[in-house]
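There are 2 protein chains.
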Amino acid sequence: MLTRDVLADPVALTRALVDIESVSGNEAEIADRVEEVLPTRLKIERFGNTIVARTELGRPQRVVLAGHLDTVPLHDNWPSTVDGNIMHGCGTSDMKSGTAIALHLAVTEPAPRHDVTYVFYDNEEVDSALNGLRILADSHPQLLTDASFAVLLEPTHGLVEAGCQGTLRVLARTSGKRAHSARSWLGENAIHKAAPILQRLQQYRERLVTIDGCEFHEGLNAVRISGGVAGNVIPDECVVEVNFRFAPDRSERDAQDHVREVLDGFELDVVDSAPGALPGLDERPAQEFLAAIGQPPRAKLGWTDVARFATLGIPGLNFGPGDPNLAHKQDEHVEIDKIRECAVVVRRWLTA
Amino acid sequence: MLTRDVLADPVALTRALVDIESVSGNEAEIADRVEEVLPTRLKIERFGNTIVARTELGRPQRVVLAGHLDTVPLHDNWPSTVDGNIMHGCGTSDMKSGTAIALHLAVTEPAPRHDVTYVFYDNEEVDSALNGLRILADSHPQLLTDASFAVLLEPTHGLVEAGCQGTLRVLARTSGKRAHSARSWLGENAIHKAAPILQRLQQYRERLVTIDGCEFHEGLNAVRISGGVAGNVIPDECVVEVNFRFAPDRSERDAQDHVREVLDGFELDVVDSAPGALPGLDERPAQEFLAAIGQPPRAKLGWTDVARFATLGIPGLNFGPGDPNLAHKQDEHVEIDKIRECAVVVRRWLTA
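Chains as they are written, first to last, in this note's numbering: chain A, 289 to 640; chain B, 289 to 640.
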């Protein structure tokens, strides 16, 4: 139950949200509970299981606080348990502790110094086509685009992780000609032809680039390879799936051009592409946020929904109490102190 | 029905055998039919669905004529049809036309110049553990080892294909360390580490070797490759399946040593190995066979059960009316002329 007492305590609220099961696709109940406790002073709109709640205080600037409501599938790690300073359970780290901080502030902070758009959304852990924030950005961009800065409460272990890297996935294919392996010279071995692809990836030197004081470390990797017909057949196809994680100073197009240059001479199909997000730390709300937390930012190296804000022209950063290394793991947990500490930081930023 | 008239005509007998369905594992009926028509002058023994029928004429030399009774699965290509000189159907080429020649001679040739051991066996088209000839060679080798030469009536399109190449299959593995692909430098990419394996295979120069006038062409090939965990994970394992087809002047051990030398530095597991068979064309029955056919031999480049005779110390060759390129194909067929022509050659050899 999301009682007044629970809403007043981000730790109790984290636990209450964790204990409402909300594996992606099953967010109706948690969205209902969130919607019914949001104060009427906010302008509340619901789209499926995504909820937008906006202060309307006439402040010169507006910021976004966003968190997703869903989790990856349970794995004998639900409901939550608490052991000293540790709260265990699916979603504790990714990211109900962060989402709890946003909901706690939405309910308990009537007068933030900037207008705030709170976004609670569904289907972050599954296919991008279902992502509630993506759908909202497509269907009602005006609910987001009047903000000048976004904080996504994804797990960062209480650090500021600014921007995010882009990601590009391509299939590099080689083709050949089948033949019986006892008469291999009648065929052309497509797996052998993939040798230079692997060699170029092995020899690739990754770029390090510093943007707004954040160091982004790129990576170009084969993540899957497959080829072969049968144990006695010269294979006529080999496919290498390559993932390029690129710094946000490259556009998606630049990233594609770069991979095409590295793998020049091979047939490439782009299967997936998402832009990075620049840190945007020169914006005033970002500077205020860094002042509130009192420590330097670092680059977010994974891809997060911060990039969705970036494509709307809204710089953003990741900041939350969870530990990103525990996300999606069976032993997912969060430090209770970290939840309190992060809640204090966000409130200090919004009220200083 | 295997009537006297049918048994007297290798073409009619081929068709009758094709029309007894005998996909591997289902050879009981065809074995029953074969067993009941074998003449009583032969010493007949049956082991499961494998039949051995031996002349006991006291000749100084003994030869083997062997054919398997099973086929690969039907593929809308059964029962047989005839169109002019072509008989279509599953098993026409591989190898009921050859098996029919052996059965035809067993029934119609009472006085061959060498004693003959006829072998009709099951499960050639499936796992080696089930192979009727292999089982016979293990359990009753004395029924085979008194022969000095073997003719296996596998499809060769009426040519003499002597000996056979050996085959070795190894898995070459690389290992690494998983990491999120957004932080790839924390992992070790096992797919990238496979680059030198593919490169060495690509650069490999195949050996050609001539033995008893037959040219054997070796081949060392990747036949399968797999690796990868997920689209965003640095892979911790890559496996390349390598098939070495080697000339019969190498032992299995030599072949393994050679592959270990080529792929030095990589973890290798042998998953499958079968020796080659030397042509053995200096044996008197082999010379007589070549004289009967009147054309030069060539090397058998695939692996056949001739190698099972070779491991018993019996040289052998492949000779049959079927077309090896049609084996296991939906449009499998045999030339009717070729059946007659090959039957004449084998009879000439046995009676000259």
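All C-beta atoms, glycine included, are put in the ideal place defined by N, C-alpha and C.
Go ahead and label residue i buried or exposed: buried means 16 or more other beta carbons lie within 10 angstroms of its beta carbon, across all protein chains shown.
{"i": "residue 485 (chain B)", "result": "buried"}
{"i": "residue 346 (chain A)", "result": "exposed"}
{"i": "residue 610 (chain A)", "result": "buried"}
{"i": "residue 539 (chain B)", "result": "exposed"}
{"i": "residue 331 (chain A)", "result": "exposed"}
{"i": "residue 467 (chain B)", "result": "buried"}
{"i": "residue 463 (chain A)", "result": "exposed"}
{"i": "residue 584 (chain A)", "result": "exposed"}
{"i": "residue 613 (chain A)", "result": "exposed"}
{"i": "residue 359 (chain B)", "result": "buried"}
{"i": "residue 328 (chain A)", "result": "exposed"}
{"i": "residue 371 (chain B)", "result": "exposed"}
{"i": "residue 493 (chain B)", "result": "exposed"}
{"i": "residue 413 (chain A)", "result": "buried"}
{"i": "residue 410 (chain A)", "result": "buried"}
{"i": "residue 229 (chain B)", "result": "Because residue 229 (chain B) is not part of the residues shown, which for chain B are 289 to 640, the question remains open."}
{"i": "residue 387 (chain A)", "result": "buried"}
{"i": "residue 576 (chain B)", "result": "buried"}
{"i": "residue 453 (chain B)", "result": "buried"}
{"i": "residue 593 (chain A)", "result": "buried"}
{"i": "residue 473 (chain A)", "result": "exposed"}
{"i": "residue 442 (chain A)", "result": "buried"}
{"i": "residue 501 (chain B)", "result": "exposed"}
{"i": "residue 399 (chain A)", "result": "exposed"}
{"i": "residue 566 (chain A)", "result": "buried"}
{"i": "residue 436 (chain B)", "result": "buried"}
In chain A, which residues lie with their C-beta within 7 angstroms of the C-beta of residue i?
{"i": "residue 480 (chain B)", "result": "486, 489, 490, 510"}
{"i": "residue 468 (chain B)", "result": "590"}
Going along chain B in order, which residues have a C-beta closer than 9 angstroms to the C-beta of residue i?
{"i": "residue 502 (chain A)", "result": "Simply none; closest approach about 14 angstroms."}
{"i": "residue 575 (chain A)", "result": "Those do not exist, as residue 575 (chain A) stays about 26 angstroms from chain B at its closest Cβ, beyond 9 angstroms."}
Just to make sure I have the definition right: I need the residues of chain B whose C-beta is within less than 7 angstroms of the C-beta of residue i. Which are they?
{"i": "residue 641 (chain A)", "result": "With chain A represented from 289 up to 640, any question about residue 641 (chain A) goes unanswered, as that position is not in the structure."}
{"i": "residue 521 (chain A)", "result": "511"}
From the options, pick the residue whose C-alpha is nearest to that of residue i; which is it?
{"i": "residue 421 (chain A)", "options": "A:469, A:335, A:619", "result": "A:335"}
{"i": "residue 405 (chain B)", "options": "B:349, B:369, B:366, B:455", "result": "B:349"}
{"i": "residue 630 (chain B)", "options": "B:403, B:289, B:298", "result": "B:298"}
{"i": "residue 374 (chain B)", "options": "B:495, B:632, B:578, B:624", "result": "B:624"}
{"i": "residue 447 (chain B)", "options": "B:428, B:578, B:390, B:464", "result": "B:578"}
{"i": "residue 326 (chain A)", "options": "A:337, A:342, A:312", "result": "A:342"}
{"i": "residue 394 (chain B)", "options": "B:312, B:419, B:602, B:344", "result": "B:344"}
{"i": "residue 554 (chain B)", "options": "B:366, B:466, B:307, B:488", "result": "B:488"}
{"i": "residue 525 (chain A)", "options": "B:536, B:522, B:510", "result": "B:510"}
{"i": "residue 513 (chain B)", "options": "B:522, B:544, B:479, B:490", "result": "B:479"}
{"i": "residue 528 (chain B)", "options": "B:438, B:558, B:338", "result": "B:558"}
{"i": "residue 616 (chain A)", "options": "A:384, A:399, A:323", "result": "A:384"}
{"i": "residue 588 (chain A)", "options": "A:295, A:455, A:428", "result": "A:455"}
{"i": "residue 381 (chain A)", "options": "A:481, A:357, A:403, A:519", "result": "A:357"}
{"i": "residue 294 (chain B)", "options": "B:391, B:618, B:431", "result": "B:391"}
{"i": "residue 304 (chain A)", "options": "A:313, A:542, A:290", "result": "A:290"}
{"i": "residue 570 (chain A)", "options": "A:363, A:451, A:626, A:560", "result": "A:451"}
{"i": "residue 491 (chain A)", "options": "B:495, B:433, B:482, B:556", "result": "B:482"}
{"i": "residue 352 (chain B)", "options": "B:628, B:377, B:440", "result": "B:440"}
{"i": "residue 548 (chain A)", "options": "A:597, A:532, A:537", "result": "A:532"}
{"i": "residue 504 (chain B)", "options": "B:541, B:476, B:564, B:551", "result": "B:564"}
Determine the chain A residues that contact residue i at a beta-carbon separation under 9 angstroms, and present them in chain order.
{"i": "residue 514 (chain B)", "result": "512, 513, 514, 515, 516"}
Which residues in chain B have a C-beta closer than 8 angstroms to the C-beta of residue i? List them in chain order.
{"i": "residue 471 (chain A)", "result": "505, 507, 589, 590"}
{"i": "residue 477 (chain A)", "result": "489, 490, 509, 510"}
Going along the chain, which unbroken runs of the beta strand (DSSP E) with 3 or more residues stay wholly within the stretch 310 to 367 of chain B? 331 to 335, 338 to 342, 350 to 356
Whole runs of the beta strand (DSSP E) within the stretch 421 to 492 of chain A, excluding any shorter than 3 residues: 437 to 440, 454 to 463
At what residue ranges does the stretch 521 to 603 of chain A contain a whole run of the alpha helix (DSSP H), taking only runs of 4 or more? 540 to 550, 572 to 581, 594 to 599
Using Cβ-Cβ distances below 7 angstroms, what residues of the stretch 444 to 457 of chain B are close to chain A? 453, 457
Give the residues from the stretch 524 to 545 of chain B that approach chain A closer than 7 angstroms (Cβ to any Cβ), ordered along the chain. 526, 529, 531, 533
Below 8 angstroms between beta carbons is the criterion; list the residues of the stretch 353 to 379 of chain B that meet it against any residue of chain A, in chain order. none
With 8 angstroms as the C-beta to C-beta threshold (strictly closer), list the residues of the stretch 401 to 430 of chain A near chain B in chain order. none
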